[in-house]
Structure formats: C-alpha cells, structure tokens
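Report on the following structure.
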Amino acid sequence: MTLKNNVILTHDDINNKIRRIAYQIYESNIDENEIIIAGIASNGIVFAKKLKDMIETISKIKPILCEVHIDKKHPRNEIKTSIPASNYINKSLVLVDDVLNSGSTLIYGVKHFLEVPLKQFKTAVLVNRNHKKYPVKADFKGISLSTSLHEQVNVILEGRTFGAYLD
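For what it's worth, my numbering labels the leading residue of the sequence shown as 1, then goes sequentially.
Printed below as a string of structure tokens:
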C-alpha cells in the first residue's frame, strides 16, 4: 500500500482542523491580549505557526510563537525554548505538537513550562493516537485515532499539499 491509500487527513481537512483549533484557543483566551503558542520542533512548530497565523486572522489576540526543542528519544534531557522563560511568566500558553503518540514528548514539555507560574496552560495536537504511556491529554485535537502500536502516523505540513497518513 502507498501513503495515498492511507490518508487520515487531507490538505483541506488539516486547514479545517487548524481553523477550528484556533477558534477553540481564542474562545479559551478571549480576555487575553497575548498568548504564547509553543510548538515542539520540528513538525509541532510548523503546526504552531499555522495556528498563530489563524489566531491573528480571527482575533485581536497577539500570539507569540515559541519554538521548543526536546530530544524526543531522550525527553529528560535539557529542553530549550526560543524565548526566555521570563517572557511567558503569568501568560496563557498552548503547547503544540503534530502527533500525540506515547505522551512522553508532551508530558516533558508540560513539565518544562510548569517551572514558571502560568495564567493558563493548554495542549494542542493535530492527531491524538490514543496510545499514551503518560497521563497527559490534548485539550485541543484535530482528530483522535485508535491505531496499533506498530502503525505510524506521518504528518506533512509543508509544501503545496499537506496531509496526515497512516503507515
């Protein structure tokens, strides 16, 4: 089978999910002037940029983009962000990734941001795989998908046509 036969989300589906999640983020932050959109490198930051652009389109909230670098194979290693922690103290923050697999990347990302006081903390993923090893959930998700542990979800968010595929 080719990837084309295993399409989970088409280009249009993903754009619709981005719009819906952006509205959900806006609704939960309606009284905020600015929010931090923290995207996990590499695909999470691409998804976060798309959410940021949509939030700017639909609201007056100023989204501030933050790139989060986590070693996905060793998530307990030092986590680095593109903006200093002082920039997100007492702010509303949304941690963004493309796929929630076991939950390890997201939970260590959550742990990192909990080192400082936040006004509100939410998580967003495009695909939630329902195979979590850790007690972490996505507050905003594009789609929930029950897959086997041997299957892999690949998300392509750059280029002229993007989509999500099951291998």
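For every residue, glycine included, the Cβ atom is placed at its ideal position computed from N, Cα and C.
Annotated as distal: V153 and T161, with beta-carbon spacing of 8 Å or more. Approximately 20 Å separates the beta-carbon atoms of G109 and K17; this is outside 8 Å, ruling out the contact. Closest in alpha carbon position to N130, among Y26, H112, V99, V68, is V99. As summarised for the segment 74 to 108, the continuous beta strand (DSSP E) elements at least 3 residues long and confined to that stretch are 92 to 100, given in chain order. Non-local beta-carbon contacts of I156 in its own chain, meaning distances under 7 Å to residues more than five positions away in sequence, involve F162, G163 in chain order. In the DSSP assignment, H11 falls within the alpha helix (DSSP H) that extends over 11 to 28.
In terms of Cβ geometry, I107 and V136 form a close pair [threshold 8 Å]. For A124, the enclosing beta strand (DSSP E) begins and ends at 120 to 128. Taking all protein chains in view, the Cβ of I25 is crowded by 16 or more other Cβ atoms within 10 Å, so the residue is classified as buried.
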